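Each remark here refers to the structure printed beneath this line.
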Amino acid sequence: MKILFLNDFIPPRNIGGPGFRNFEVAQELFKRGNEVYFITSCQKREQEGEETKDGIKIFNVYSNYNLKYRNYVSVCNLAVLGKIKKIIKKLKPDITHVDTVHIHLSYASIKIAKKYSKAVFLTSRDFMLYYPDKFIQKEKICGETNYKVNWLDNLKVAKKRYNPFRNIMIKRYLKYVDKIFAISEEMKKALNQNGIINVDVLYNSLPIPQKEPSYMENNSKIIFSPSRTSESKGVYALLATFPLIKKDVADAKILIVGTTKDRKKRILEYMDKNNISKENVEILGWINNEEVKSIYGKISVVVTPSLYPDPLLGVNLEAALYKKPVVTTCFGGAKEFVVNGETGYVVNPYDTKEMAEKITDILLDGDKAKQFGEAGYKRLKEKFSINIQTDKLLNYYNKLQKAHC
């Protein structure tokens with residue numbers, strides 16, 4: 001089968017999770033004997049052109065514009081559509097799978113893909129199909145989230161950059177998609193509430209090593225925050241728990257990664273303002289995969305306290321891969337992977353006391369930490385492995401490809 005993926009960013013140029021997850025699936029499809037291709041963007045003209053990575057042919061299309069115009073360009077980027085059409089017309093793929101295209105490749109590429117492919121799929125990893133930013137729920141208590149937004153909500157977040165035709169045009173392009181995948185039930189619910197249907201759930205997944213890793217026991221008392229250091233990801237909510245944790249775990253430490261100089265400065269200012277000791281808090285920038293592996297061998301617990309309904313939180317899967325217990329947010333799809341009291345704890349990140357208590361409980365109970373870590377790995381292997389999710393994906397591909405023959 002000839003399969004083409006469209007993604008704005010893939011490794012090594014991207015530093016976020018979606019591109020990595022997408023490329024891992026592509027690698028698995030290639031291992032199974034499929035022809036796999038990518039169309040992606042580059043922001044330097046000298047990078048434009050073709051290359052091959054791990055047997056996968058990649059077409060780099062140049063796109064570089066002022067992102068303040070994103071709400072217009074992301075819908076229809078005329079600068080790249082001609083090049084995309086030329087590539088797809090020549091390839092004539094059986095399947096075109098559109099992933100993250102809300103910056104450069106644009107949603108208009110879906111219509112082109114439909115014309116020259118037997119079937120078109122789209123994966124929704126965020127709220128961009130109906131909302132031009134991170135969606136922050138009004139509710140601050142755990143439970144049902146109301147994801148429904150209107151034009152006024154979009155105007156409030158986009159302000160002067162608001163495009164009144166954005167959502168209308170995106171929904172028109174979605175009519176050319178044979179099947180939309182949401183990466184969690186919560187993501188599917190959000191799409192459905194905003195009039196986007198024809199959605200099934202296909203979870204993010206990870207490759208499982210042939211040899212099962214052993215539990216890396218340590219007494220470091222290091223609390224690891226692996227997500228981006230933005231307020232919406234809950235970094236300040238985590239820091240607010242630290243004085244409470246230190247009362248019971250004097251040698252507790254926090255390790256934060258994924259920050260920039262500006263964000264690090266804001267974090268330090270926040271700690272000063274709230275009288276949080278900088279001692280035993282380490283803040284690092286972006287790290288590579290090898291550094292991540294090393295860190296997981298040293299830490300005691302992973303904390304992912306997103307304040308917004310993160311669709312799934314892939315770092316929770318990564319924690320399970322290394323058999324580490326997790327304390328995660330009750331908002332979004334994280335609770336679909338983390339089973340409260342079995343693989344970790346699901347907490348309200350706005351409840352500082354509750355979150356501090358759960359983190360402390362794991363730090364002080366090594367047996368429970370090991371139990372949670374082992375259970376998390378088992379759940380990852382049985383329900384969220386790349387083999388299982390790729391089997392499901394291929395079933396969709398085969399079914400809809402045959403339907404269009």
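Here UniProt numbering is used: the first residue of the sequence shown is 1, the next is one more, and so on.
The C-beta atom is built at its ideal place from N, Cα and C for all residues, glycine as well.
Given the structure is predicted, the values throughout are model-derived calculations rather than measurements.
query	result
Let me know if ALA250 comes out buried or exposed under the rule of 16 or more other beta-carbons within 10 Å of its beta-carbon.	exposed
What would DSSP say about THR260, mapped onto helix, strand or coil?	coil
Just grab the DSSP bridge partners of ASN340 for me.	GLY344
Taking DSSP as the reference, what is the three-state secondary structure of PHE23?	helix
Quick check: the stretch 117-124 against the stretch 173-191, are there 3 or more CB pairs under 8 Å?	yes
If you compare alpha carbons, which of CYS42, GLU35, TYR37 and ILE3 is closest to ASN14?	CYS42
Can you tell me which of the three DSSP states LEU129 falls into?	coil
Excluding the 5 residues flanking LYS114 on each side, which residues of the same chain have their C-beta closer than 7 Å to its C-beta?	VAL120 and TYR176
Comparing C-alpha positions only, which one of LYS298, TYR72, THR260 and ILE3 sits nearest to ILE95?	ILE3
Under the rule that 16 or more other beta-carbon atoms within 10 Å means buried, what is LYS324, buried or exposed?	buried
Shortest alpha-carbon distance to LYS221 belongs to which of ALA237, ALA158, ILE362 and LYS92?	ILE362
Note down the Cα distance separating ASN34 from MET1, rounded to an integer number of angstroms.	5 Å
Rounded to whole angstroms, how far is the Cβ of GLU28 from the Cβ of THR260, which I believe are closer than 8 Å?	That belief does not hold up - the Cβ atoms of GLU28 and THR260 are roughly 32 Å apart, past 8 Å.
I'd like to confirm the pairing. Which residues does DSSP put opposite SER214 in its beta bridges?	DSSP output for SER214 lists no bridge partner at all.
For GLU374, which of VAL338, LEU238 and HIS404 has the nearest alpha-carbon?	VAL338
Is GLY221 helix, strand or coil by DSSP?	The question names Gly, yet the displayed sequence has Lys at residue 221. LYS221 falls in the coil class under three-state DSSP.
Can you check DSSP and say which residues form a bridge with SER124?	ALA182
For LEU268, name the three-state secondary structure that DSSP assigns.	helix
Would a C-beta distance cut-off of 8 Å place VAL326 and GLY376 closer than the cut-off?	yes
Taking a contact to mean a Cβ-Cβ separation below 8 Å, would you say ILE183 touches TYR130 in this structure?	no
Round the Cβ separation of PHE38 and ASN77 to the nearest angstrom and send it over; I've been treating them as touching at under 8 Å.	Between ASN77 and PHE38 the Cβ distance is about 17 Å, and since that is not below 8 Å, they are no contact.
Drop a sphere of 10 angstroms on the beta-carbon of ILE141, count the other beta-carbons inside from all chains shown, and report buried for 16 or more, exposed for fewer.	exposed
Using 8 Å as the Cβ pair cut-off and three pairs as the minimum, do the stretch 145-163 and the stretch 91-110 touch?	no
Mapping the DSSP letters down to three states, classify ASN167 as helix, strand or coil.	helix
Count the CB pairs spanning the stretch 237-244 and the stretch 336-355 that are closer than 8 Å, and state whether there are at least three.	yes
Is GLY314 near GLU185, with beta carbons less than 8 Å apart?	no
For a cutoff of 8 Å on Cβ pairs, would you count PRO213 as touching chain D?	Absent here is chain D; the protein component of the structure consists of one chain.
How is the alpha helix (DSSP H) around THR100 delimited, first residue to last?	Careful: THR100 lies outside any alpha helix (DSSP H) and carries neither H nor E.
Does the beta-carbon of ARG45 have 16 or more other beta-carbons within 10 angstroms, so that it is buried, or is it exposed?	exposed
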